[in-house]
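Trainee: Take a look at the following structure, please.
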């Protein structure tokens with residue numbers, strides 16, 4: 003039990019620190035977005051610098067860039083991300099005319115911040131619950147509440163993670179029905195350290211605007227180098243959306259994640275109700 007509570011305390015403390023940092027970034031984004039919504043001005047900027055990709059990321063889905071944009075007070079720069087960037091590529095920039103250096107390349111910064119804030123708040127509450135229950139164990143107080151509090155918060159965290167993953171899969175399915183089309187692709191090579199976070203296959207496919215490459219997890223389709231595979235993608239964002247998964251694959255993952263979330267939610271309710 004000592005190791006379990008000590009590990010829970012260490013992990014929850016680390017999660018809380020990271021969560022507070024993310025919360026600060028989300029709040030900053032929200033403050034910036036409010037100013038840009040109230041006094042927006044949109045111009046077309048151009049990519050002037052591209053961040054180098056880490057060694058493992060051969061073809062990253064989105065790359066950090068610096069974008070230059072013109073204002074009445076001169077040319078300024080802001081950060082952003084884009085798929086397959088190139089120097090000089092156009093990119094929309096919104097900035098506050100009263101403070102031109104306050105700018106963003108995000109299309110919906112306020113929506114992003116408003117989605118992140120409840121999530122980071124929930125993670126903070128759960129992490130504090132685990133820290134509190136572990137601290138009670140080491141202090142030798144509230145013996146009957148230690149395990150239910152730590153176990154209930156841990157189960158809720160797993161339910162939250164599973165639900166978040168499931169919602170992402172359902173969003174992919176919804177986008178699939180509206181936008182996705184298919185093309186024939188070819189497996190170009192296998193890499194043990196691909197940008198998908200492990201072994202991956204590089205797939206090349208042709209779109210109306212040219213040829214695109216992306217990485218898929220090795221084993222996601224029964225194919226080897228040189229084999230033809232079916233690629234599904236959104237024509238508006240081919241590099242970002244390309245996948246070799248079918249709707250059945252995504253639906254199974256979404257249903258499994260939903261079931262996992264419901265099971266752990268029930269366990270959390272039972273545990274916390276016994277405090």
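Residue numbers (my numbering): 3 to 277.
Think of the CB as a built atom: it goes at the ideal place given N, C-alpha and C, for glycine as much as any other residue.
1) Are the beta-carbon atoms of residue 227 and residue 189 separated by less than 8 Å?
2) Return yes when the Cβ of residue 135 is within less than 8 Å of the Cβ of residue 148, no when it is not.
3) Where does residue 103 fall in DSSP's three states?
4) Reducing DSSP to helix, strand and coil, say where residue 124 ends up.
5) Where do the N-terminal and C-terminal ends of the beta strand (DSSP E) with residue 148 fall, by residue?
6) Alpha carbon to alpha carbon, what distance is there between residue 12 and residue 240?
7) For the alpha helix (DSSP H) that residue 265 lies in, which residues bound it at each end?
8) Which of helix, strand or coil does DSSP assign to residue 46?
9) What are the partner residues of residue 67, as DSSP defines its beta bridges?
10) Helix or strand or just coil, what does DSSP make of residue 203?
11) Per DSSP, which residues does residue 1 bridge with? Please list them.
12) Ends of the alpha helix (DSSP H) at residue 92?
13) For residue 195, which option in 217, 155 and 274 has the closest C-alpha, if you only look at C-alpha atoms?
14) Whole angstroms is fine: what's the gap from residue 48's alpha carbon to residue 102's?
15) Compute the Euclidean distance between the alpha carbons of residue 169 and residue 160, then round it to the nearest angstrom.
16) Among 244, 230 and 229, whose alpha-carbon lies nearest the alpha-carbon of residue 236?
17) Is residue 35 buried or exposed, if buried means 16 or more other CB atoms sit within 10 Å of its CB?
18) Does the stretch 123 to 141 come within contact of the stretch 8 to 28, defined as at least 3 CB pairs closer than 8 Å?
19) Under the rule that 16 or more other beta-carbon atoms within 10 Å means buried, what is residue 141, buried or exposed?
20) Tell me where the beta strand (DSSP E) around residue 230 begins and ends.
Mentor: In this structure, then:
1) For the purposes of this step, residue 227 is taken as residue 225 along the chain shown, with counting starting at 1. For the purposes of this step, residue 189 is taken as residue 187 along the chain shown, with counting starting at 1. Inclusion of residue 227 and residue 189 in the CB contact set at 8 Å is warranted, their separation being smaller than that value.
2) For this step, residue 148 is matched to residue 146 along the chain shown. For this step, residue 135 is matched to residue 133 along the chain shown. A Cβ-Cβ contact shorter than 8 Å links residue 148 with residue 135.
3) Numbered from its first residue, the chain shown carries residue 103 at position 101. Assignment of residue 103 by DSSP, reduced to helix, strand and coil, places it in the strand class.
4) Working through the chain shown from its first residue, we reach residue 124 at position 122. When secondary structure is reduced to three states using DSSP, residue 124 falls in the helix class.
5) The count along the chain shown starts at 1 and reaches residue 148 at position 146. Bounds of any beta strand (DSSP E) do not take in residue 148; it lies within the alpha helix (DSSP H) bounded by 145 to 181.
6) As a first step, residue 240 must be located in the chain shown, where it is residue number 238. As a first step, residue 12 must be located in the chain shown, where it is residue number 10. Per the coordinates, the alpha-carbon of residue 240 lies some 41 Å from the alpha-carbon of residue 12.
7) One-based indexing of the chain shown puts residue 265 at position 263. 249 to 275 is the extent of the alpha helix (DSSP H) around residue 265.
8) For the purposes of this step, residue 46 is taken as residue 44 along the chain shown, with counting starting at 1. In the structure shown, residue 46 sits in a strand (DSSP, three-state: E or B).
9) Sequence index remark: in the chain shown, residue 67 carries index 65 (1-based). Bridge partners of residue 67 according to DSSP: 52 and 82.
10) For the purposes of this step, residue 203 is taken as residue 201 along the chain shown, with counting starting at 1. Correct three-state label for residue 203: strand.
11) A query on residue 1 cannot be resolved here, the shown segment of the chain reaching from 3 to 277 and no further.
12) Against the chain shown, residue 92 aligns to sequence position 90. Taken as a continuous stretch (DSSP letters only), residue 92 belongs to no alpha helix (DSSP H), being part of the beta strand (DSSP E) at 92 to 98.
13) Translated into the one-based positions of the chain shown, residue 195 becomes position 193. When only C-alpha atoms are compared, the closest one is 217.
14) By one-based count along the chain shown, residue 48 stands at place 46. By one-based count along the chain shown, residue 102 stands at place 100. Rounded to whole angstroms, residue 48 to residue 102 spans 16 Å at the Cα level.
15) As a position in the chain shown, residue 169 is number 167, starting the count at 1. As a position in the chain shown, residue 160 is number 158, starting the count at 1. Cα to Cα, the separation comes out at about 14 Å.
16) As a working note, residue 236 is residue 234 in the chain shown. When C-alpha distances from residue 236 are compared across 244, 230 and 229, the shortest belongs to 244.
17) The residue labelled residue 35 in the question sits at position 33 within the chain shown. It counts as buried.
18) Yes: at least three Cβ pairs fall under 8 Å.
19) On the chain shown, residue 141 is found 139 positions in, with the first residue counted as 1. With fewer than 16 other Cβ atoms inside 10 Å of its own Cβ, residue 141 counts as exposed.
20) Looking up residue 230 in the chain shown gives position 228. That run of the beta strand (DSSP E) goes 230 to 235.
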